[in-house]
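Residues in the sequence shown are numbered consecutively from 1, following our numbering. C-beta atoms are modelled at their ideal positions from N, C-alpha and C, and glycine is treated no differently. Note that the structure is a prediction, hence the values are computed from the model and not measured. See below for the structure under consideration.
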Amino acid sequence: MQKEKALLEVRNLKVGFATDSGPILAVNDVSFSVNKGEIVAIVGESGSGKSVSANSIMRLIAPPGSIEGGKILFDGKDLVTASPKEMRAIRGNDISMIFQEPMTSLNPLFIVGDQIEESIRLHQKVSRKQAKEKAIEMLQKVGIPRAEKVYSSYPHLLSGGMRQRVMIAMALSCNPRLLIADEPTTALDVTIQAQILELMKDLIRAQDTSIILITHDLGVVAEMADRVIVMYAGQVVEEANVHNLFKEPNHPYTKGLLDSTPKIHEMYEELISIEGTVPSPSEMPSGCFFHPRCPKAMPECSLKTPQLLTMENDRSVRCLLYTNQKEKEAVNQ
Ligand code: SF4
Numbered sequence: 001m002q003k004e005k006a007l008l009e010v011r012n013l014k015v016g017f018a019t020d021s022g023p024i025l026a027v028n029d030v031s032f033s034v035n036k037g038e039i040v041a042i043v044g045e046s047g048s049g050k051s052v053s054a055n056s057i058m059r060l061i062a063p064p065g066s067i068e069g070g071k072i073l074f075d076g077k078d079l080v081t082a083s084p085k086e087m088r089a090i091r092g093n094d095i096s097m098i099f100q101e102p103m104t105s106l107n108p109l110f111i112v113g114d115q116i117e118e119s120i121r122l123h124q125k126v127s128r129k130q131a132k133e134k135a136i137e138m139l140q141k142v143g144i145p146r147a148e149k150v151y152s153s154y155p156h157l158l159s160g161g162m163r164q165r166v167m168i169a170m171a172l173s174c175n176p177r178l179l180i181a182d183e184p185t186t187a188l189d190v191t192i193q194a195q196i197l198e199l200m201k202d203l204i205r206a207q208d209t210s211i212i213l214i215t216h217d218l219g220v221v222a223e224m225a226d227r228v229i230v231m232y233a234g235q236v237v238e239e240a241n242v243h244n245l246f247k248e249p250n251h252p253y254t255k256g257l258l259d260s261t262p263k264i265h266e267m268y269e270e271l272i273s274i275e276g277t278v279p280s281p282s283e284m285p286s287g288c289f290f291h292p293r294c295p296k297a298m299p300e301c302s303l304k305t306p307q308l309l310t311m312e313n314d315r316s317v318r319c320l321l322y323t324n325q326k327e328k329e330a331v332n333q
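Structure below.
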């Protein structure tokens with residue numbers, strides 16, 4: 001079977017920050033791809049580098065941060081070397097982003113209707129009247145009651161959930177080819193969260209949009225994603241399709257994340273959390289970055305740096321347990 005051409009290909013991305021104690025790498029040699037119409041989740045605790053990776057795609061890394069290396073190919077064009085003008089055309093037109101805190105994208109000085117309308121008119125040849133109709137239609141599509149009233153409201157008069165819906169309406173109003181959603185429903189209550197996710201899924205399937213979904217919530221991943229990338233301390237540590245990852249996680253960190261997630265039908269099962277925290281980029285452990293927290297750590301884990309290993313079923317994992325296993329298999333062949 002011929003492999004589908006990727007819409008987005010991130011290759012060996014490195015993102016650094018200058019700090020008082022010297023330069024640090026927040027994203028360290030990250031590669032992944034997103035196919036057309038595919039929903040790819042990037043998961044990991046805070047500090048894993050998932051949001052920095054996403055912001056790099058939009059070229060939203062501000063000094064003292066900078067992209068230190070790698071390529072970000074969107075439909076074959078490298079966004080790392082694109083001019084500011086080219087990036088302005090791509091942002092909001094081909095690629096849209098939804099942030100966890102909607103006030104980051106909404107201007108407090110303008111009514112929300114004007115902001116959605118502006119986004120539509122910037123990217124589509126429509127009259128003011130048609131843009132207004134489309135803006136109200138989008139507000140209705142994201143489940144906002146009395147959409148015309150909300151259209152004329154200033155962002156600060158709306159609840160957090162409403163503002164998030166407005167931002168989703170704005171992000172989807174110009175039919176982006178890629179939507180980057182950074183913790184899009186974290187601030188919302190569970191019922192609204194389920195509605196918004198369902199809605200995003202419907203809108204995206206209808207428009208054949210691809211999504212990068214950044215989240216620490218594995219419940220959201222199970223609900224939405226086709227494929228999952230697990231990040232830890234600025235690196236990809238595992239990649240698999242959503243079914244295989246939940247059925248059989250390979251990396252000890254992925255297992256830890258799954259064990260600390262409540263499951264339906266197992267309400268009384270004790271949740272096990274991963275001890276410790278993600279290391280600061282200025283104090284990375286030697287060898288495998290996860291070794292101080294890993295329940296499977298071996299003496300060599302603090303000495304050797306594991307490489308990302310390609311496994312069967314389009315999976316990959318960065319762990320010496322699997323490197324050793326492969327080496328043994330090669331010797332016995
Ligand atoms: Fe754990 Fe060692 Fe694998 Fe790292 S390389 S995840 S420390 S077993």
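Residue pairing by DSSP places Y232 opposite Q235 in a beta bridge. By a beta-carbon distance limit of 8 Å, A54 does not contact I196. Their separation comes to about 18 Å. Nearest C-alpha to L25 among G234, L158 and S96: G234. In this structure, the beta-carbon distance from K50 to S210 does not fall below 8 Å. Distance from the CA atom of M162 to the CA atom of I144, rounded to whole angstroms, is 7 Å. At least 8 Å separates the beta-carbon of N28 from that of K5. For L13, the enclosing beta strand (DSSP E) starts and ends at A6 to T19. Uninterrupted beta strand (DSSP E) stretches at least 3 residues long and entirely within the stretch 146-220 occur at 178-182 and 210-215, given in chain order.
The Cβ neighbour count for A135, taken over all protein chains shown within 10 Å, is at least 16; the residue is labelled buried.
In this structure, the straight-line span from the alpha carbon of I214 to that of A240 is close to 16 Å. Counted as a single uninterrupted DSSP element, the alpha helix (DSSP H) harbouring F246 occupies residues V242 to K247. The shortest C-alpha to C-alpha distance from L157 to any of S96, Y253, V112 and G65 is the one to V112. Note on G44: 16 or more other CB atoms within 10 angstroms of its CB, so buried under the neighbour-count rule. In the structure shown, T104 falls within a helical segment according to DSSP collapsed to helix, strand and coil.
Using a Cβ distance threshold of 8 Å, V242 and D217 do not count as a contacting pair. If you look at I120, you'll find it in the alpha helix (DSSP H) that goes V112 to H123. The beta carbon of K50 sits no closer than 7 Å to any heavy atom of ligand 1.
In this structure, R11 places its C-beta atom within 8 Å of the C-beta atom of K71.
For D259, the enclosing alpha helix (DSSP H) has its first and last residue at P252 to D259. DSSP, reduced to helix, strand and coil, places V27 within a strand of the structure shown.
Within 7 Å of the C-beta of L320 there is at least one heavy atom belonging to ligand 1. Shortest gap from the CB of K255 to any heavy atom of ligand 1: 7 Å or more. At a cut-off of 7 Å, the beta-carbon of M284 does not count as near ligand 1: no heavy atom of the ligand is closer than that. Contact between I98 and I57 is ruled out by a C-beta separation of about 13 Å, above the 8 Å threshold. Straight-line measurement puts the Cα of R293 at about 8 Å from the Cα of T277.
Looking at the backbone, the Cα of G22 and that of M231 are separated by about 23 Å.
The DSSP assignment places complete beta strand (DSSP E) segments of no fewer than 3 residues inside the stretch 41-106 at 65-74 and 95-98, in order along the chain. Residue state for S316 is assigned as strand, using DSSP reduced to three classes. Annotation: the continuous alpha helix (DSSP H) that includes L139 extends over R128 to K141.
Measuring C-alpha to C-alpha distances from V30 to each of S316, L258 and L245 identifies S316 as the nearest. Each of G219, N313, Q307 and S280 was checked against the Cα of P262, and the nearest Cα belongs to G219.
In the DSSP assignment, T310 forms a beta bridge with S316. DSSP lists L8 as the bridge partner or partners of V34. Taking the C-beta atoms as reference points, P306 is found nearer than 8 Å to L320. Less than 8 Å separates the beta-carbon of D75 from that of L7.
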